[in-house]
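S.K.: Take the numbering used here: the last position of the sequence shown gets the number 254, and nothing is skipped along the way. Using N, Cα and C, we set each Cβ at its ideal position, and we do this for glycine too.
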Amino acid sequence: MNARLVRWLGSAALVMGLALMPGAARGATKGVDANDVLTRMRSALTPGKDMRATVVFAIANDKGDIVRWTGQLYRRGGPSPRTRIVFEDPPDLRGTVVSVFRADDGTTKTRLYLPTLRRTRLIEADTRGESFLGTDFNYEDLGLQQLDPRQVDIKEAADKGCYHLESVPKSGWWYGKVDRCVDRASYLPLRTEYYDRSGILWKVRTLENVTKVDGYPTPTEIQMQTLPQHTSTTITFSDVHYDTGLPDSVFATP
């Protein structure tokens, strides 16, 4: 496994969905409660008791060159949520397993199995703003740390099909402000804009190709663009299934 890939994997983890904790709602659109919208959005992003899918990461640099990684994703909800991704391709990643679980203190822990070393490593560092595997997503974007907003506003949106949520994280968070367009029907955040602490638009995440799978509205493509660097990462989901009764063995440490 090359050195660059090892550095990426040293802080690796994956949890699908954006696990937001409700903050103080103010300035709400008439008749709409921000906390309720956030709770519904969180449920919409992690539907079902469990999920499995094939995932493909397409990472594009500023020159348009694209690298693709393929793997199998497993997620289980409940009071002790767990997620696991097993990489199959490229060869440098084959057999690598990233397992994520929530500890008793509410923090997210990551176990990384490297087949070349035949060992499992526990990663406990604060990884909120770090890049996930060198992609445009970081741990906040993928819900690996719970966003605890200092303030949340619901504002009138030009697009009447969505709720416009503006979140200001507590001090010390990676982003200065997060704006979302939350679909009024599915409660999925179809477009999310991330601003840095100086108020400059830094990244844009979009959920595309939403279709019903096993009765749940499911985005089969998620793209994150990092505007200053002119890079992007697209995650594509296929062969998605919910409520399959995943056994404990799926999430066992290698």
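Quick one: what does DSSP say N35 is sitting in, helix, strand or coil?
M.R.: Helix.
S.K.: Under the three-state reduction of DSSP, which class applies to A45: helix, strand or coil?
M.R.: It is worth fixing the name first, because residue 45 is Leu in this sequence and not Ala. Reduced to three states, the DSSP call for L45 is helix.
S.K.: Measuring alpha carbon to alpha carbon, tell me which residue in I85, L45, S186 is nearest V97.
M.R.: Looking at the Cα atoms, I85 is the closest of the given residues.
S.K.: DSSP three-state label for T234, please.
M.R.: If DSSP states are grouped into helix, strand and coil, T234 belongs with the strands.
S.K.: Helix, strand or coil: which one does DSSP assign to F137?
M.R.: Correct three-state label for F137: coil.
S.K.: Do you know how far the Cα of D159 is from the Cα of L73?
M.R.: Their Cα atoms are separated by approximately 33 Å.
S.K.: For N209, report the span of its beta strand (DSSP E) as first-last.
M.R.: 201-213 is the extent of the beta strand (DSSP E) around N209.
S.K.: Roughly how far, in whole angstroms, is the beta-carbon of T218 from the beta-carbon of V240, given that I think they are within contact range, below 8 Å?
M.R.: At roughly 6 Å, the Cβ-Cβ gap stays under 8 Å, so T218 and V240 are in contact.
S.K.: Pull up the distance between the alpha-carbon of V204 and that of F237, whole angstroms please.
M.R.: Near 19 Å, if we compare the C-alpha coordinates of F237 and V204.
S.K.: Just the Cα atoms here: how many angstroms apart are D36 and Y187?
M.R.: Whole-angstrom Cα-Cα distance: 11 Å.
S.K.: Could you work out which residue in E193, Y242, T231 is closest to G215 when comparing CA atoms only?
M.R.: With distances taken between Cα atoms, G215 lies closest to Y242.
S.K.: Suppose you measure from the CA of S249 to the CA of M224; what does that come to, to the nearest Å?
M.R.: One C-alpha to the other measures close to 32 Å.
S.K.: Less than 8 Å separating the beta-carbons of D136 and T233?
M.R.: Taking 8 Å as the Cβ cut-off, D136 and T233 qualify as a contacting pair.
S.K.: Please classify D179: does DSSP put it in a helix, a strand, or coil?
M.R.: Three-state DSSP puts D179 in a strand.
S.K.: Let's test the definition: count the other Cβ atoms within 10 Å of the Cβ of S167 and tell me whether it reaches 16, buried, or not, exposed.
M.R.: Result: buried.
S.K.: Quick one: residues in its chain with C-beta nearer than 7 Å to the C-beta of R184, no 5 flanking neighbours on either side, listed in chain order?
M.R.: G161, C162, Y163.
S.K.: Using the three-state DSSP reduction, which class does R184 fall into: helix, strand or coil?
M.R.: Residue state, collapsed to three classes: coil.
S.K.: In this structure, how does DSSP classify S249 when only helix, strand and coil are distinguished?
M.R.: Of the three classes helix, strand and coil, the one that applies to S249 here is helix, per DSSP.
S.K.: Assuming L112 and T120 form a contact by the criterion Cβ under 8 Å, report the distance between their Cβ atoms to the nearest whole angstrom.
M.R.: Yes, they are in contact, since the Cβ atoms of L112 and T120 sit about 7 Å apart, within 8 Å.
S.K.: Expressed to the nearest angstrom, what Euclidean distance is found between the alpha-carbon atoms of D105 and N138?
M.R.: Taking the straight line from one Cα to the other gives about 22 Å.
S.K.: Q229: which of I235, W202, L246 sits nearest, CA to CA?
M.R.: Checked all of I235, W202, L246; the closest Cα to Q229 is W202.
S.K.: Under 8 Å between the Cβ atoms of R76 and L190?
M.R.: No.
S.K.: Check each candidate in F57, S198, G78 and name the one with the smallest Cα separation from R68.
M.R.: With distances taken between Cα atoms, R68 lies closest to F57.
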